[in-house]
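Student:
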Amino acid sequence: MSTLPRVHIKYCTQCRWLLRASWMAQELLTTFQDEIGEVALIPGTGGVFEVGVNDELIWSRKDEGRFPDIKELKQLVRDRIAPGRDLGHTDR
58 MSTLPRVHIK
68 YCTQCRWLLR
78 ASWMAQELLT
88 TFQDEIGEVA
98 LIPGTGGVFE
108 VGVNDELIWS
118 RKDEGRFPDI
128 KELKQLVRDR
138 IAPGRDLGHT
148 DR
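If you read the sequence shown in the numbering used here, its first letter stands for residue 58, the second for the next number, and so on.
This is the structure in structure tokens:
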């Protein structure tokens, strides 16, 4: 069993947000290839779009009123799993 962090993205199937969720998962896996153990895509309903690291919710579309930009999502994930890591142009 991996001790690396688990990221989950819960998305609304009714809203057809699978493509958005899978693109964000791909971006996170590419950026954090050595720091993430897995990214799980979790189907949901009711307009849900949430991202969490381990058991901590780091983004909720319901709370924020919008989707995260990929830049801010990468920064939020980085802050939880590799706080000292420079994200290059994403941090600028």
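For each residue, glycine too, the CB sits at the ideal point set by N, CA and C.
These figures come from a predicted structure and were not determined experimentally.
So, at 8 Å on beta carbons, what are the nonlocal neighbours of residue 85 in its own chain, with the 5 sequence-adjacent residues on each side left out?
Tutor: Within the sequence shown, residue 85 is the residue found at index 28, counting from 1. Same-chain partners within the cutoff: 64, 93, 96, 130, 131, 134.
Student: Compute the Euclidean distance between the alpha carbons of residue 143 and residue 79, then round it to the nearest angstrom.
Tutor: Taking the first residue of the sequence shown as position 1, residue 143 is located at position 86. Taking the first residue of the sequence shown as position 1, residue 79 is located at position 22. Computed Cα separation, rounded: 24 Å.
Student: What distance in whole Å lies between the Cβ atoms of residue 114 and residue 66, which are believed to be in contact at a cut-off of 8 Å?
Tutor: Mapped onto the sequence shown, residue 66 falls at position 9. Mapped onto the sequence shown, residue 114 falls at position 57. Actually they do not touch by this definition, with Cβ atoms about 11 Å apart.
Student: Quick one: is residue 62 buried, meaning 16 or more other Cβ sit within 10 Å of its Cβ, or exposed?
Tutor: Looking up residue 62 in the sequence shown gives position 5. Counting Cβ neighbours within 10 Å, residue 62 comes out buried, since at least 16 surround it.
Student: Could you spell out the range, first to last residue, of the alpha helix (DSSP H) harbouring residue 85?
Tutor: Here residue 85 refers to the residue found at position 28 when the sequence shown is read from its first residue. First-last of the alpha helix (DSSP H) with residue 85: 75 to 88.
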